[in-house]
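What follows is one structure encoded as C-alpha cells, with my remarks underneath.
Numbering (full-length UniProt numbering), first residue to last: 1 to 1012.
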C-alpha cells in the first residue's frame, strides 16, 4: 500500500531521540508511516514521518555517537524550520533510574513534571554548594507545556490508554519487534548496594559481581512497567556512580538521569519521557535498553491518545479547500499557498471586531441608482462593470461592504448562477495590505472548489516559478481565470483599497485603468463585476473617478443609518439606566449633534457613559468634543490625566500599537513597551489589560491581540497638529531599538524560538517578541527615517562579524524577502531596506580615505553573490539610499550595468532612480545599451517614464530602437511604453509579425495593444 504524503504544515507533534534504539522504538509504535518530505534549507536532520493516535508525528534522532544538551537543541530547532506547526514536543528515550525511595525499576517510565522544588527538569551541573554542604540549583529551566501536563495524570487510569496496551498493540503482530524489544524479565533486574562498585569493567555482572550485594526488593505482581512522575536530572555527563547518583537525587529530588533535556526545555518547550535502562551506577549495561526504549515510546503513544486533536489553524483553514485526493503534496501546497490571507475568516473577524450592523441599516443601497446601474449592466459597450463607493473615515464603509457581499451571496443562493469573491484590505495586518495578498485571496476563492481551475494554476506555476510572488504574474493568472469562467456572473468586492500599501494600491489602480479603458475595452470581462470601496483620496479618484461612483455619506439614507444606530444605542442605554423620556431625548440630541454622521463617535460616546452614574451622563456627553479627531485628542488627554503617574506608559502603548506591523499579543506588547517585565506572566497579562483599559478604547484587545480601535486613530496620531507629526516616526524608532535589543539579548538562545511559522510565543516568556523583532526591526528602522540612529549600546549589532549580527542572520526565516542574499552585511541590509542612518553610519566608520573623507566605492561592498549596495538599493527602490551613495561616490566611479538593470526593473521608484543615476558624472559613459531599453519596455508601472528619460538624456540609444523593444512593450500589461515607442520617430514604422503576435498573446491587455 502506498504511503500517504502530507504537507510540512500538517505535522503537529515533534519527537526527538538520541539513540538508534530509541528511534526504532518510536517507529515501532507508529500507526502508519508517511512518505518523507524534503527538509528546509539549513536543516540537515533526517526525519521519519507518521501518525500516532490521529496525530501527525515528526521523529528525528541525533547523529550516531553524538549526545548531549547542545546537539539536542540544534536538532530540535532545525526541526521547526521544516515543520513550522509543531504543537506538542517530546523527548523520548532511555535514562538511568534512581531506585530509592520511589521503587523505580528497570523498564519503568519516568515523566518529568514540575514539583515543589523543580520545573520537571533540573540542570544539576548548574548549582552551588551553600553553608552546611547543601546543593542549591542556580539555573531554573522551563516547565513542560500545560496542554501536555494535563494529560499525564490520566495515563494508566483507562485500559485503552495504558502503556501495556499501547506496547502490545504496537509490537504484538511483529515477530522481529517482539524479539528485539522483549522484556529481559525481573530475574535480570539486579540492583546492587550503592557502596558496591562493579569490580571488572571488562566483564558482565553475572561473571564478576558479588550476588550478596544485591538489594532484596518485594516482587511485583506482574511485569507491567510502572509510570513515575517527578524531576529528571540532565547534564552533558553520564552518571555511572551510585554514590553520586544518590547524592544528587537527594539534593534535587531526581528520579532519573539523562543527557539531552537541559539544552531543550527553555527554547523547545517539551515533555521528557524516559524508560529506565540502568540504575546510573557502575553496573550500567545495555541489556535493558531496547525494552526501556519501547516502554518510553509506548508511554508517549498512550499520552497522545489523551491529547487534544484540534488541528493547527493552518490545517483547519486549508482543509476547507476542495483539493482532489490524488493531487501530489507539491500540487496541494501550490493551491493552498494562495489562501494565506484568508478572506473568508477575515470578513468574520471584522464583524466580530466592529459588531453587527443595526437592523434595517445599509439595505437602502440595493435600491440606489448607482448600485442598480452597476448590478444590471451588461458590461459591454459603454456600460461600466466597476462601482466605486467612497466615504470619509468611520462612515460605515466596511459595514456596508459586508452587507453587500452577503446580499450578493443571497441573490446567488436564490438561484442565480455565479460567485461572490471579496477581499478586505486592513492596514493593521500585513497579510491584508499587499497586492499579492489581495490577488491571492481572490484567486483562491475562484479555484478552491474547482479542480479544473486548480489545474490551470498548476500549469501556470510549472511555467512560472515566480507566480505566487509577483503581482503582475498573479494579475495575469486572475484575468485568465475570470475570462475562462462560464458559470454565470462573478462579483469581485474589494474593501478599503486605501489601506493597501501605496505601491500595491497604485499597481491595482493602473490595472483597472488600463484594462477597462473605454477606448480599448473589448468586453471580455462583461460577466465580472467589480465593487471597490475606499476613502475619497485624490490618487484613487484619478483612476476610478471615470467609473460609476458615489459618496456613501452623500445619501440621505446614510444619515438615517447613523440616526438608527443612535436610536438603538440610546435605547439600550435607556433600558440600563432607567432614563425618563425627557432624558432619553436629550441624550439622543447631544449624540446626534456631535457624531458628525460617524458610527464610531457614537460607539465611543456610549462606551464613555456606560458605567457612569445616571445624573452624570448628560454632563459627560456635553464635555465630549464633536468629531472623531477632537474626540481622540480628548480621550487621550483624559487617559493621561487620569493616570498622570503612568502618562508615558499610556502614550507608549498607543504609539507602539499604532506602528506595529502585525498585531502584538499582550506579552509581546508588554516586552516591546518595557512594562511589567519583572512580574510573573499572569501578573503581566493582568497589568497590561489594565493599561489597555486606561487607553480609553483607542486600543483594544481581541483574542489576546492588541490593535487600534480604527484606522482613523492612526490618522489622528500622524496628524501634524498632534505631537508635530513626529510621534509615529519616533514610535517606529523606539520599536526598532526594542527589536534590536531583543535580537541582541537572544544570543545563546537556540534559534527555534524565532521560527515565524507555528511557534507559540506565549510559551517562552520574554522571548515572545523575538520572532517579531527578527522579522521587523529593519522595517521599523526604515519607517523611522532620520528619527532612527545608531546608539552606542547597539553598535556591536551592526558589526558584520559580531556574534549579535551573525545570530540575527541565523534566525532569519527562509520566507523572508532577503533570503536570496547569503549572509548580507549591515550595509547591504541598509540598502535593501532603505535605512539611511545605518548606511551613513557604516560609511563613516568603515570607509575613510587617506584625507579622512568618507567615500563610497561600489566595489568595496559586494555580497557573496556579487551584488553591490548600490545595486541592492536600486533593486529595492530606495531612492534616498541611491542618491546618498552617489553623493559619496568619487566622480570617476563606474556605474555597473547590473545597477542600471536593477533600477530599470524596479516597479516602485524605477523612474526616479534612473533620473538620479543619470545625474552622476559618469552616467553618460556607463554601459547603457539595447538590453536596458528592452527591460524598460517590460516595466509594468513606470516603463514609459524610464524610456522617456533614457531616450532624452542619452540620445545615442535612439539608434538601438528595434523590434525586440516593441515586442517587449507589446507583452507589457501597461499600454504606456508601447504608446510612447509608437510616437518616437523610428526608422522603420512598419510593425513586424513578431510584434503583432506579442500583442495578440498579451493575456492581460490583448485588445488594447492591438488597437494601438
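Glycine is no exception: its CB is placed at the ideal position from the N, C-alpha and C atoms.
Inset, instruction - Kindly list the residues whose CB is nearer than 6 Å to the CB of residue 160, restricted to its own chain and excluding five residues on each side of it in sequence; keep chain order. - result: Residue placement at residue 160 is poorly supported in this model, since its pLDDT is 45, which falls under 50; the coordinates still yield a value, given next. If we look at residue 160 and ignore the five residues flanking it on each side, it has no Cβ neighbours.
Legend entry - Alpha carbon of residue 584 to alpha carbon of residue 573, nearest angstrom: 9 Å
Inset, instruction - Indicate the three-state DSSP secondary structure (helix, strand or coil) for residue 258 in the structure shown. - result: strand
Inset, instruction - Going by CA-CA distance only, name the one from 669, 681, 676, 632 that's closest to residue 701. - result: 669
Inset, instruction - Could you spell out where the beta strand (DSSP E) holding residue 56 opens and where it closes? - result: 55-61
Inset, instruction - Evaluate contact between the region 905-919 and the region 942-956, counting only Cβ atoms and requiring at least three cross-stretch pairs below 8 Å. - result: yes
Legend entry - residue 81 (DSSP reduced to helix, strand or coil): helix
Legend entry - Cβ contact check for the region 98-111 and the region 262-269: 3 or more pairs under 8 Å: no
Legend entry - Three-state secondary structure assigned by DSSP to residue 18: coil
Inset, instruction - Work out the CA separation of residue 812 and residue 819 for me, nearest whole Å. - result: At residue 819 the pLDDT is 41, less than 50, meaning the model places this residue with poor confidence and gives no usable figure here.
Inset, instruction - Confirm, please, whether the CB-CB distance from residue 860 to residue 893 is below 8 Å. - result: no
Inset, instruction - Express the C-alpha separation of residue 191 and residue 215 in angstroms, rounding to a whole number. - result: 6 Å
Legend entry - 6 Å CB neighbourhood of residue 14 in its chain, flanking five on each side removed: 58, 79, 86, 89
Inset, instruction - Assess, as a yes-or-no matter, whether the region 225-238 is touched by the region 118-125 under the definition of 3 or more beta carbon pairs within less than 8 Å. - result: yes
Legend entry - Ordered list of beta strand (DSSP E) runs contained in the region 537-583, each at least 3 residues: 548-551
Inset, instruction - For residue 533, count neighbouring Cβ atoms within 10 angstroms of its own Cβ and tell me buried if that reaches 16, exposed if not. - result: buried
Inset, instruction - Excluding the 5 residues preceding and the 5 following residue 783 in the sequence, name in chain order all residues of the same chain whose CB lies nearer than 6 Å to its CB. - result: 732
Legend entry - Inter-residue spacing [alpha-carbon to alpha-carbon] between residue 950 and residue 632: 49 Å
Inset, instruction - Kindly indicate which three-state DSSP category residue 102 falls into: helix, strand or coil? - result: coil
Inset, instruction - Answer yes or no: do residue 529 and residue 489 have a C-beta to C-beta separation smaller than 8 Å? - result: yes
Inset, instruction - Assign residue 483 to one of three DSSP states: helix, strand, or coil. - result: helix
Legend entry - Range of the contiguous beta strand (DSSP E) that encloses residue 530: 528-534
Legend entry - Three or more C-beta pairs below 8 Å linking the region 593-612 and the region 390-404: yes
Inset, instruction - Would you tell me roughly how many angstroms separate the C-alpha atoms of residue 508 and residue 967, rounded to the nearest one? - result: 24 Å
Inset, instruction - From the DSSP output, in three-state form, read off residue 268 for me. - result: coil
Legend entry - residue 421 in three-state terms, based on DSSP: strand
Legend entry - Spatial distance of residue 188 from residue 220 (CA atoms): 14 Å
Inset, instruction - Please say whether residue 808 and residue 774 have beta carbons closer to each other than 8 Å? - result: yes
Inset, instruction - Rank 471, 445, 450, 476 by C-alpha distance to the C-alpha of residue 460 and give the top, closest one. - result: 476
Legend entry - Proximity of residue 40 and residue 81 at Cβ, strictly below 8 Å: yes
Inset, instruction - State the CB to CB distance for the pair residue 26 and residue 171, rounded to an integer number of angstroms; the pair is presumed to be in contact (CB under 8 Å). - result: Actually they are not in contact, since the Cβ atoms of residue 26 and residue 171 sit about 12 Å apart, beyond 8 Å.
Inset, instruction - Would you kindly report the start and end of the unbroken beta strand (DSSP E) that includes residue 623? - result: First-last for residue 623: 617-623, but that is the alpha helix (DSSP H), not the beta strand (DSSP E).
Inset, instruction - Run the CB neighbour count on residue 614, radius 10 Å, all protein chains shown included, and call it buried at 16 or more, exposed below. - result: exposed
Inset, instruction - Would you tell me roughly how many angstroms separate the C-alpha atoms of residue 562 and residue 887, rounded to the nearest one? - result: 56 Å
Legend entry - Three-pair Cβ contact test at 8 Å for the region 827-838 versus the region 788-795: yes
Legend entry - Three or more C-beta pairs below 8 Å linking the region 605-624 and the region 707-718: no
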